[in-house]
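Peer 1:
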Amino acid sequence: MSVLTEKADVSLQYVSLFNESKSKLNGGSSDILNSRRNKAFQDFVKQGIPTRRNENYKYTNLQPAFAFDYQVSFQKPQTEIAGEEIFRCDVPQLDTHHAVLLNGWFGNQNQSKDLPAGIIFESLETAAVKYADLIKNLYGSLADTAADPLVALNTAFAKDGYFLYVPKTVYLEKPLQIISLLKSENGAFSTQRNLVVVDQGAKAQMILCNHTLNLNRYLSNSVTEVFVGENAHFEYFNVQNQHNNSTLLNNVFVKQESNSVVSVHTVSLHGGLIRNNLKVTLNGENGEANLFGLAFPDKKQHTDNFIQVEHAKPHCQSNQLFKYVLNDNSTGAFSGKIHVARDAQKTNAFQRNNNLLLTDTASMQTKPQLIIDADDVKCSHGATVGQIDELALFYLRSRGIEEKMARLMMMNAFAHEVVQEIKVEALRERIDELIEKRLNGDVARCHECNYNCECS
Amino acid sequence: MLSIKNLYVSVEGQEILKGINLEVKPGEIHAIMGPNGSGKSTLANVLAGREEYEVTAGEVIYQGEDLLGKSPEDRAKEGIFLSFQYPVEIPGVPMVNFLKTSVNEHRKHRGEKELTAGEFLKLMREKMDLVDLHPQLTNRSVNEGFSGGEKKKNEIFQMALLEPKLAILDETDSGLDIDALKTVAHGVNALKSPETSTIVVTHYQRLLDYIVPDFVHILYNGKIVKTAGKELALELEEKGYDWIKKDN
Chain U
1 MSVLTEKADV SLQYVSLFNE SKSKLNGGSS DILNSRRNKA FQDFVKQGIP TRRNENYKYT
61 NLQPAFAFDY QVSFQKPQTE IAGEEIFRCD VPQLDTHHAV LLNGWFGNQN QSKDLPAGII
121 FESLETAAVK YADLIKNLYG SLADTAADPL VALNTAFAKD GYFLYVPKTV YLEKPLQIIS
181 LLKSENGAFS TQRNLVVVDQ GAKAQMILCN HTLNLNRYLS NSVTEVFVGE NAHFEYFNVQ
241 NQHNNSTLLN NVFVKQESNS VVSVHTVSLH GGLIRNNLKV TLNGENGEAN LFGLAFPDKK
301 QHTDNFIQVE HAKPHCQSNQ LFKYVLNDNS TGAFSGKIHV ARDAQKTNAF QRNNNLLLTD
361 TASMQTKPQL IIDADDVKCS HGATVGQIDE LALFYLRSRG IEEKMARLMM MNAFAHEVVQ
421 EIKVEALRER IDELIEKRLN GDVARCHECN YNCECS
Chain L
1001 MLSIKNLYVS VEGQEILKGI NLEVKPGEIH AIMGPNGSGK STLANVLAGR EEYEVTAGEV
1061 IYQGEDLLGK SPEDRAKEGI FLSFQYPVEI PGVPMVNFLK TSVNEHRKHR GEKELTAGEF
1121 LKLMREKMDL VDLHPQLTNR SVNEGFSGGE KKKNEIFQMA LLEPKLAILD ETDSGLDIDA
1181 LKTVAHGVNA LKSPETSTIV VTHYQRLLDY IVPDFVHILY NGKIVKTAGK ELALELEEKG
1241 YDWIKKDN
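So the sequence lines, in the order shown, correspond to chains U and L. Using the working numbering, the first residue of the first sequence is number 1, and each one after it goes up by one. Using the working numbering, the first residue of the second sequence is number 1001, and each one after it goes up by one.
So, in structure tokens, the structure goes:
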């Protein structure tokens, strides 16, 4: 174990955990999951919990989050995960199919009977047994354990999450809303593993809401692999609303085939440390990927969006628009890499990252990257870090608008460029409202809950 | 209405206004003319409360109260309106929201009920006619994509909505063709009453053909060097500013 001694002690904690928990990890899980664990574990051991020496994690220090002694459970909770009782989503007019996951486990009461015929929506643990043929070649094929230690860690510990399969030409008319909750007496380390297949010509929208239900420390590390078939449409909205003591590590991999359209929206409203790894591979001609992100860190919060867009085939289009409003002593990072493969001619790839610093003590690191191996492409990238335009502020104030309200109007305007891309109207209106609350200094609680969130 | 006494103002350490004295009574129109860099826009901005402008000496009394200690928004609500030389584009802030908020802030200040969306739209339509502003422009963000002329008309449109007691027009004529100039001047005149006052800051005499001043002041090198009636503007038009510069 000479490699290990070079790693910080914090990684060793997870190595022991793996070694001690092998029987629990393998017990009750499909071979599809179990057969990947050892390789994933070796990949994790090689990489360790990323330090800032890892170029991909240069601006995000994960060591303190991993150092904490979390409660971990590799067995599905025996008690019913009664989502409705502990949590009620409070988005008016938002008509969705919904499901609850608790600490990464798929709720037993989640039902897919209302879903259109042929759609499978299941616990991954169950689905990997029941639908092994559907899953075995897909699972782990996008989330490369050798390329990222968090993916390796997730794959080593993966037990459950959700599996969504939308068959050919089936339309999911209402969005599927997945509410991912964290609740534990002593805080928790949660591993969630998800798989989504939107087959040829199918259409689906998913809304994923991340919440913490008390102020204990949480570390959640999720991996979601999404396969979007030819001519399929997939929209994915992630609303991240946790507390200052939580660490949310969210790894999403999308592979899309020809003529497919994919949108991924990530709204990071609140959370101590948020790292979104998003990789989209345009694997067929005429594909379109639209990636949007908004983040509003304040106090000592940190938000990092690490985006990779891989143009593997010609005639595809990708857009990235990420905006941050940073307050107090918060920090943000954005890295957006666009790679255009040698044969991917006629690629259109655009990227923009705009950041608004509200204080002198907030900071932002932004790193656009273009790697182009084709010669007939249109690519652009741009990044700005600035403050509120004082002249515009004076203009609003000179018309009788209070300074605080004028600032709010300008921050909302800044964010709205991204919000307006949300095509589900009820969700868009709700997010507008939440952002306004968030910018106004109120805690943007988007749910009615039976605890008093101080979110200190 | 307004009384400026011995006003000194610096911007980034450089003294721009060097002892301005000016009395404006209700119903009066004052023109402030002068060559580039004489301090005209500084005077307009400092009255509206722009914070980059540092008052180093002197006082400004507006309606019997000290003006300089007040925030820009309070000045606005108490009736001061600055028509900007360069109206600011604010992407993402819709015109209608901006105008409705502004009108309702004024109404709240006066103890009046806020207008509903419907009431506001009605008011807006009435006032738009005055300056011949295309209704579609209110669907845009504040000043975004407006032509130079539309921006200036939009300023006067806002003035019509807010009904100020003291309007300060900072080079409202610059960049306007003759038709737009007439429209803007017509708007300003239509809003004029014996209780309201106007300060017109301009380089050229031509605006004063349409907005006829009671007094013309020449500002040069941070001081008012000459004050007379409207005939002074014509004299300037004829002779240029050189004779002023020579004498001072």
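No residue lacks a Cβ here, since even glycine has one placed at the ideal position from N, Cα and C.
Just the chain U side, please: which residues come within less than 7 Å of S1041(L) by C-beta, in chain order?
Peer 2: Walking along the second sequence from the start, residue 1041(L) turns up at place 41. Simply none; closest approach about 13 Å.
Peer 1: At a Cβ threshold of 8 Å, is G400(U) touching chain L?
Peer 2: Taking the first sequence and counting its residues from 1, the one referred to as residue 400(U) is at position 400. Taking Cβ atoms only, chain L reaches closer than 8 Å to G400(U), which makes this a yes.
Peer 1: Pull up the distance between the alpha-carbon of G272(U) and that of G441(U), whole angstroms please.
Peer 2: Start at 1 with the first residue of the first sequence, and residue 272(U) comes out as number 272. Start at 1 with the first residue of the first sequence, and residue 441(U) comes out as number 441. Computed Cα separation, rounded: 16 Å.
Peer 1: For W1243(L), count neighbouring C-beta atoms within 10 Å of its own C-beta (all shown protein chains included) and say buried if the count is 16 or more, exposed if not.
Peer 2: Taking the first residue of the second sequence as position 1, residue 1243(L) is located at position 243. That one is exposed.
Peer 1: For the structure I just gave you, are there three or more beta carbon pairs, one from the region 276-293 of chain U and one from the region 258-265 of chain U, closer than 8 Å?
Peer 2: In short, these stretches touch, since the Cβ pair count reaches three.
Peer 1: Out of G1037(L), E1028(L) and V1011(L), state which residue places its alpha-carbon closest to the alpha-carbon of Y1241(L).
Peer 2: Start at 1 with the first residue of the second sequence, and residue 1241(L) comes out as number 241. Here the closest residue by C-alpha is G1037(L).
Peer 1: Pick out whichever of C316(U), K159(U) and N241(U) has its Cα sitting closest to the Cα of K378(U).
Peer 2: By one-based count along the first sequence, residue 378(U) stands at place 378. With distances taken between Cα atoms, K378(U) lies closest to C316(U).
Peer 1: By the DSSP assignment, the beta strand (DSSP E) with V226(U) in it spans what residues?
Peer 2: Sequence index remark: in the first sequence, residue 226(U) carries index 226 (1-based). Run containing V226(U): Y218 to V228, per the beta strand (DSSP E) assignment.
Peer 1: My output table needs one value for Y1220(L): the three-state DSSP class, helix, strand or coil.
Peer 2: Mapped onto the second sequence, residue 1220(L) falls at position 220. In this structure, Y1220(L) counts as strand in the three-state DSSP scheme.
Peer 1: Is it the case that the region 385-403 of chain U contacts the region 1069-1086 of chain L, given that we only count it when at least three CB pairs across the two stretches are under 8 Å?
Peer 2: In short, these stretches touch, since the Cβ pair count reaches three.
Peer 1: Beta strand (DSSP E) containing E1023(L): first to last residue?
Peer 2: Translated into positions along the second sequence, residue 1023(L) becomes position 23. Looking at the DSSP string, the run of the beta strand (DSSP E) that includes E1023(L) is Q1014 to V1024.
Peer 1: My understanding is that L1123(L) touches L1161(L), with C-beta atoms under 8 Å, so please give their C-beta distance in whole angstroms.
Peer 2: By 1-based counting over the second sequence, the position of residue 1123(L) is 123. By 1-based counting over the second sequence, the position of residue 1161(L) is 161. About 7 Å separates the two Cβ atoms, so the contact holds.
Peer 1: If the cut is a Cβ gap below 7 Å, which residues of chain U does L1082(L) touch?
Peer 2: Residue mapping note: residue 1082(L) aligns to position 82 of the second sequence, counting from 1. Under the 7 Å cutoff, chain U gives S398.
Peer 1: Whole angstroms are fine: how far does the CA of E1105(L) sit from the CA of K138(U)?
Peer 2: Position 138 of the first sequence, counted from the first residue, corresponds to residue 138(U). Position 105 of the second sequence, counted from the first residue, corresponds to residue 1105(L). Rather than Lys, the amino acid found at residue 138(U) in this sequence is Leu. Roughly 58 Å between the two C-alpha positions.
Peer 1: Applying the criterion that 16 or more other CB atoms from any shown protein chain within 10 Å of the CB defines a buried residue, is H1134(L) buried or exposed?
Peer 2: Sequence index remark: in the second sequence, residue 1134(L) carries index 134 (1-based). Exposed, since its Cβ has fewer than 16 Cβ neighbours within 10 Å.
Peer 1: Starting from the N-terminal side, write out each stretch of the beta strand (DSSP E) that is 3 residues or longer and does not extend beyond the region 375-407 of chain U.
Peer 2: Qualifying beta strand (DSSP E) stretches, in chain order: 377-386.
Peer 1: Report the residue from D114(U), E122(U), F334(U) and F163(U) whose alpha carbon sits nearest the alpha carbon of E225(U).
Peer 2: Here residue 225(U) is taken as the residue at index 225 of the first sequence, counted from 1. Comparing Cα-Cα distances from E225(U) to each of D114(U), E122(U), F334(U) and F163(U), the minimum goes to F163(U).
Peer 1: What span of residues does the alpha helix (DSSP H) with Y14(U) cover, start to end?
Peer 2: Looking up residue 14(U) in the first sequence gives position 14. First-last of the alpha helix (DSSP H) with Y14(U): D9 to N26.
Peer 1: What's the C-alpha gap between G1118(L) and R1125(L)?
Peer 2: As a working note, residue 1118(L) is residue 118 in the second sequence. As a working note, residue 1125(L) is residue 125 in the second sequence. Approximately 11 Å between the Cα atoms of the pair.
Peer 1: Taking the alpha carbon of L1017(L) as the point to measure from, which residue in G1111(L), I1224(L) and D1129(L) has its own alpha carbon closest?
Peer 2: For the purposes of this step, residue 1017(L) is taken as the residue at position 17 of the second sequence. It is I1224(L) whose Cα lies nearest to the Cα of L1017(L).
Peer 1: When we look at the beta-carbon of I1178(L) and count the other beta-carbons within 10 Å, is it buried (16 or more) or exposed?
Peer 2: Within the second sequence, numbered from 1, the residue matching residue 1178(L) stands at position 178. When all chains shown are included, I1178(L) counts as exposed.
Peer 1: So what does DSSP say about E448(U), is it helix, strand or coil?
Peer 2: Taking the first sequence and counting its residues from 1, one reaches residue 448(U) at position 448. With a pLDDT of 45 at E448(U), under the threshold of 50, the modelled position of this residue cannot be trusted; read the value that follows with caution. Reduced to three states, the DSSP call for E448(U) is strand.
Peer 1: CA-CA distance, L282(U) and I135(U)?
Peer 2: Indexing the first sequence from 1 puts residue 282(U) at position 282. Indexing the first sequence from 1 puts residue 135(U) at position 135. Taking the straight line from one Cα to the other gives about 21 Å.
Peer 1: May I ask you to report which of helix, strand or coil DSSP gives K313(U)?
Peer 2: What you label residue 313(U) is simply residue 313 of the first sequence in a count that begins at 1. K313(U) falls in the coil class under three-state DSSP.
Peer 1: If you draw a straight line from the alpha carbon of F350(U) to that of S16(U), how long is it in whole angstroms?
Peer 2: Taking the first residue of the first sequence as 1, we reach residue 350(U) at position 350. Taking the first residue of the first sequence as 1, we reach residue 16(U) at position 16. The alpha-carbon atoms of F350(U) and S16(U) are separated by roughly 44 Å.
Peer 1: Count the other C-beta atoms from every protein chain shown that fall within 10 angstroms of the C-beta of D1066(L), then say buried if there are 16 or more, exposed otherwise.
Peer 2: To locate residue 1066(L), count along the second sequence from 1; it is residue 66. Looking at its Cβ environment, which holds fewer than 16 other Cβ atoms inside 10 Å, D1066(L) is exposed.
Peer 1: Answer with yes or no whether the minimum CB distance from L326(U) to chain L is below 8 Å.
Peer 2: As a position in the first sequence, residue 326(U) is number 326, starting the count at 1. Closer than 8 Å: no.
Peer 1: What separation, rounded to the nearest whole angstrom, lies between the Cα atoms of T1227(L) and E390(U)?
Peer 2: Indexing the second sequence from 1 puts residue 1227(L) at position 227. Indexing the first sequence from 1 puts residue 390(U) at position 390. Distance between the alpha carbons of T1227(L) and E390(U): 35 Å.
Peer 1: Assuming contact is defined by CB atoms lying nearer than 8 Å, are A361(U) and D328(U) in contact in what I supplied?
Peer 2: Working through the first sequence from its first residue, we reach residue 361(U) at position 361. Working through the first sequence from its first residue, we reach residue 328(U) at position 328. First, the residue type needs correcting, since residue 361(U) is Thr and not Ala in the sequence shown. Yes, Cβ-Cβ distance for T361(U) and D328(U) is below 8 Å.
Peer 1: What is the rounded straight-line gap between the Cα of G1049(L) and the Cα of L181(U)?
Peer 2: As a first step, residue 1049(L) must be located in the second sequence, where it is residue number 49. As a first step, residue 181(U) must be located in the first sequence, where it is residue number 181. Straight-line Cα distance between these residues: approximately 50 Å.
Peer 1: For T247(U), which residues does DSSP report across the bridge?
Peer 2: Locating residue 247(U) in the first sequence gives position 247, where the first residue counts as 1. DSSP lists L219(U) and L273(U) as partners of T247(U).
Peer 1: Alpha carbon to alpha carbon, what distance is there between T303(U) and Q504(U)?
Peer 2: Since the first residue of chain U shown is 1 and the last is 456, residue 504(U) is not available in this structure.
Peer 1: Per DSSP, R352(U) forms a beta bridge with which residues?
Peer 2: Looking up residue 352(U) in the first sequence gives position 352. BP columns for R352(U) point to L321(U) and G382(U).
Peer 1: Taking the CB atoms as reference points, tell me whether D1170(L) and A1044(L) lie closer together than 8 Å.
Peer 2: What you label residue 1170(L) is simply residue 170 of the second sequence in a count that begins at 1. What you label residue 1044(L) is simply residue 44 of the second sequence in a count that begins at 1. Contact flag set, yes.
Peer 1: In whole angstroms, what separates the C-alpha of K338(U) from that of I431(U)?
Peer 2: Position 338 of the first sequence, counting from 1, holds the residue named residue 338(U). Position 431 of the first sequence, counting from 1, holds the residue named residue 431(U). Note that residue 338(U) corresponds to Ile in the displayed sequence, not to Lys. One C-alpha to the other measures close to 28 Å.
Peer 1: Note the first and the last residue of the continuous alpha helix (DSSP H) segment covering G1149(L).
Peer 2: Counted from its first residue, the second sequence places residue 1149(L) at position 149. Note, G1149(L): alpha helix (DSSP H), G1148 to L1162.
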